Structures are given as structure tokens and as C-alpha cells.
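Note sheet for the following structure.
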Amino acid sequence: MILAFGGYLRAVAIDETVVIKPIRADAAEYYISAYNLYHHNVYSASTKKLRDPRAELVPDALRPPGLPLVITPMMKEWPNHKKILGNLQDINLMLGVATIFLVFVAAARVLSPWATLTAALLTAISPHLVSFSVYMLTETPSAFFVTAILVMGAVWTPDRRIYYYAFMGVLVGVAAMVRLQFLLLPFLLCFLLFLSMDRRKWFRGAGAMLLGFALVAAPWFIRNAVSVPADQNENYMARTLAAGAYADLKYLGDDKTFPYPYLHDPQFKEAKKNLPNALSFIGKRTLEQPYEMLKWYIIGKIRFIWQFDNVDGIGDVFIYAHRYSPFGVSGPHKTTRAAMKSAHWVLIVLAAIGAVGAWLPQIRARYSERAVFVLRLSSLFPVLITGVFMVFWPAARFAVPVYPAVFLLSAFTMMHAVSLMRDLKIRRRLSNGPSE
0 MILAFGGYLR AVAIDETVVI KPIRADAAEY YISAYNLYHH NVYSASTKKL
50 RDPRAELVPD ALRPPGLPLV ITPMMKEWPN HKKILGNLQD INLMLGVATI
100 FLVFVAAARV LSPWATLTAA LLTAISPHLV SFSVYMLTET PSAFFVTAIL
150 VMGAVWTPDR RIYYYAFMGV LVGVAAMVRL QFLLLPFLLC FLLFLSMDRR
200 KWFRGAGAML LGFALVAAPW FIRNAVSVPA DQNENYMART LAAGAYADLK
250 YLGDDKTFPY PYLHDPQFKE AKKNLPNALS FIGKRTLEQP YEMLKWYIIG
300 KIRFIWQFDN VDGIGDVFIY AHRYSPFGVS GPHKTTRAAM KSAHWVLIVL
350 AAIGAVGAWL PQIRARYSER AVFVLRLSSL FPVLITGVFM VFWPAARFAV
400 PVYPAVFLLS AFTMMHAVSL MRDLKIRRRL SNGPSE
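Its first residue numbered 0, the sequence shown is counted upward by one per residue in numbering that gives the first Met the number 0.
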């Protein structure tokens, strides 16, 4: 029922949402990268060839290759953009339903039946996960790979062969080629494995995982170093570092500059050129407003990362503007959105408690070795997203791919609280005892 309902929400959203110019901004860059690769055998987001057939395409690394490689085979339908988008939406629908199923599988190895169903239901009705399935963006496939990694954790034992770890590394590598922030995940996984197995097995397991990861990710970076001219590589680390240095995402406190304050700052052009410039820019702003900047980096950014409303776009659970959405009319979409919005911060706080609790010795003493591993693995995803976007430019959409892990942690915290209350009642009953 949960799987069917989640599929229904996504199918209706895809079928009925009318996006104004759906292939734009990020989506256009993924789309054109796929077009150039298919028709000109050059991976580039440049539209030069469309404007002038005689123009020469120069390889770039503007977008990671994960999503464009999925779109590339569909380019045989060019210029039928509607059909190409529809084909990708069909894939998003399948990945969305698979994500719900995989959350259920992973949670079932850790949680009680009711808590497992809760994690799956939250994933099924999440308005962000439902809404984002409409777009030609990376959030939906990223969420799928997050849950696939969780399932790998759910079948983990310390005695697993190196093939298991190599395959986990491959999954992480694919996730990183879809969204680059997952490049840091292998190092967090190595730490988790270090705490979960003896040193000899750790060396073999971590080594195999890193090898699997490198087999997927290394060709991209080798290609960039060999084939992409230096002038085609904008320094995105510098750009996003500097872009995140505006408190409350406003330039000089002006509400009109929200949420892209850097577009209004004449100093930003120089700051984004390279990493030293960006760090100098951040340092200067921090010296000018130490309290505001400290508050922004420690508290403000976390709020923007984990809040319900997505600031990168038109807001709420949307990214691109639309003429019509089922979330705007009465029915299951509007109802589930309202329910999830009301519960949003409660779920985030419960997940934070679960993420911290997963590392406490009391949890290790109470639950199985595999359950603790899955809980700790789940906690790595929100920790990774929080850590990355506390440094860079923050928006709620960047956290959406890890929502399945968040929902699993939320359900665990609920289950653990119920278990503790039950134990407390039993202890009280035993302490009172029958009277003589």
C-alpha cells in the first residue's frame, strides 16, 4: 500500500505539473552536456554548436557526468524535448518507487515493524521527494543511491568478502558522479568501518571500497586533468565558498538581494576567481562582522539547509516555476504536504537525536551489531550534508537526497523512545511488586 501510494503521488505529480520552461539553469546544463556528448562526442555544457554549427566545442567539467550519461541515450529523440524529458521522468518515477522499497528493506533490518513502515511512509509522502521527481535534476537519482548504500549497510557483517566492499565503493562512486558532495563519503565510511571491525579486516575492506570508488570516480578527474583546458574550469569551490559568505543570504541586509546576494556584490567577481581570493574575502567579511558571521556559519546555514522551504528557486517544495501543480489543489498531494510541513522540524530534531544516539555505547549495548552499523551509516549522510553546506552556499534542496536516511533515523528515535518508556513501566511495576 505504501509503495503504491508513493508511486501514485509521484506519477500524478509528473503527469499534472506544468513547469514553465523545465529545461533551464542546472537542468539545461545537464541537458546540453548530454546533447553535445551524443551528437558531437564532446562533453561540454556549451550551447555554441547550437548557435553556430561551425563552432568548435571545447570540453569542460561544468557538471558531473552522472545525470548527463543517463540522458545521453535519449538524445536520439532530439529535438523532441518533451519526449526526452518524459523519458527521464519515467526513470525518476521508477527510482522514486525503488527508493521507498529500499528504505523499507534497510529499515526492516534495524527497526520494529511499525517503525519500518513509518520510515517507508515518510519517504513515500515526502513532498520534496515527490515534487523533485518532475525535474531534470540530480535529487531523485541521488536519493536512490543513498538508499542503495543503506541497503548495503543492512546486509553488512564484519566477515564480508572484499567483493562486497568493492561494490559498496562502486555505489558511492556513482553517487559522487551524480552529486559531487558524496566525494567525501568514502572517508566517512572508512572511519565507520574502522570502528566496526578488526584492523586486518579493516585494511582489506576499506582498501577494496576505496578501489571500487576510484574505479568509478578516477576516470572523471583524469579526463578533466588531461582534456579540459584550464580556462574552461571555473573554480567552483572558490565560487561556492564566496557565495556562502553572506549572512542570511542577503547583500548588506537588503531583502531584495535574497537569496542570491553575490549577484549584487561588485567584489564577488574577484572573490570567486580562486581559492585564496575566496578565503580572503570570507576573512575580510568575518573581521568586519565577527558576531554576525559566526552566527551565520554555525546557526544560520544549518537552518537554511534543513528548513522545509527551498530557497534555491521559487520556494516551498519546488525549484522551477510552474503554471499548475497538484500540490496547489485539494487532494492527497496538498494533504501530505501540509502534514509533512507541520511535522518537518520535529522529524529533523528526531533524526538529529538518532544520529547522535547511534554513536553512544548504550545503543551499541542494546541493539545488534548490524543494526548499529546501519544507524551509524544513516547518520553519516546528514552529517556530510550539514558539514559541506555549512561551508558553501546553503539551500534545502541539497539535503533532499538524504531525506530517506533522515526518515530512518527519525523512526529509530521514535522506536527507541517507545522502548525506553516500556522498560520504565516494567521497572516501576517490578519495583512496586506485590504487597505482602
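Ideal Cβ positions, reconstructed from N, Cα and C, are used throughout, including at glycine.
These numbers come from a predicted model, not from an experiment.
query, result
"Exposure of I297, with buried meaning 16 or more beta-carbon neighbours within 10 Å", "exposed"
"Counted within 10 angstroms of its Cβ, other Cβ atoms place F202 as buried (16 or more) or exposed", "exposed"
"Alpha helix (DSSP H) segments (min. 4 residues) lying fully within the segment 50–87", "65–70"
"Cα-Cα separation between A147 and L419, rounded to whole angstroms", "30 Å"
"With 16 other Cβ atoms within 10 Å as the buried cut-off, status of S377", "buried"
"Beta-bridge pairing of P250 - partner residues as DSSP gives them", "Position check: residue 250 holds Tyr in this sequence, whereas Pro was assumed. BP columns for Y250 point to D253."
"From A354, M292, L92, residue whose alpha carbon lies closest to that of A244", "M292"
"Spatial distance of L383 from A395 (CA atoms)", "14 Å"
"9 Å Cβ cutoff met for W295 and P64", "no"
"Helix, strand or coil at V18 according to DSSP, with G and I counted as helix", "strand"
"Those residues which DSSP pairs with H321 across a bridge", "V18"
"Spatial distance of R222 from F267 (CA atoms)", "29 Å"
"Residues near L120 by beta carbon distance below 7 Å, same chain, minus five either side", "I1"
"Pair within 9 Å by beta-carbon distance, Y134 and I318", "yes"
"CB-CB length for K48 against N35, believed under 8 Å", "7 Å"
"Minimum Cβ-Cβ distance from D247 to chain C less than 9 Å", "Going by chain labels, chain C is absent from the structure shown, which holds only one protein chain."
"Distance, Y250 Cα to D264 Cα", "7 Å"
"Start-end ranges of the alpha helix (DSSP H) lying completely within the segment 127–199, minimum 4 residues", "138–153, 161–177, 184–195"
"Classification of W155 by the beta-carbon crowding that lies within 10 angstroms, buried from 16 upward", "buried"
"Three-pair Cβ contact test at 8 Å for the segment 54–63 versus the segment 163–179", "yes"
"DSSP-derived helix/strand/coil call for S312", "Per the sequence shown, residue 312 should be read as Gly rather than Ser. DSSP places G312 in coil when its eight states are reduced to three."
"Beta carbon of L92 nearer than 9 Å to that of R23", "no"
"Proximity winner among G5, A213, L407, I281, relative to A97 (alpha-carbon distances)", "G5"
"Stretch pair the segment 401–413 + the segment 106–114: three plus CB contacts closer than 8 Å", "yes"
"Neighbourhood of A241 by C-beta, 8 Å cutoff - its chain only, sequence neighbours within 5 removed", "Y261, F267, A270, K271, N276, A277, F280, I281"
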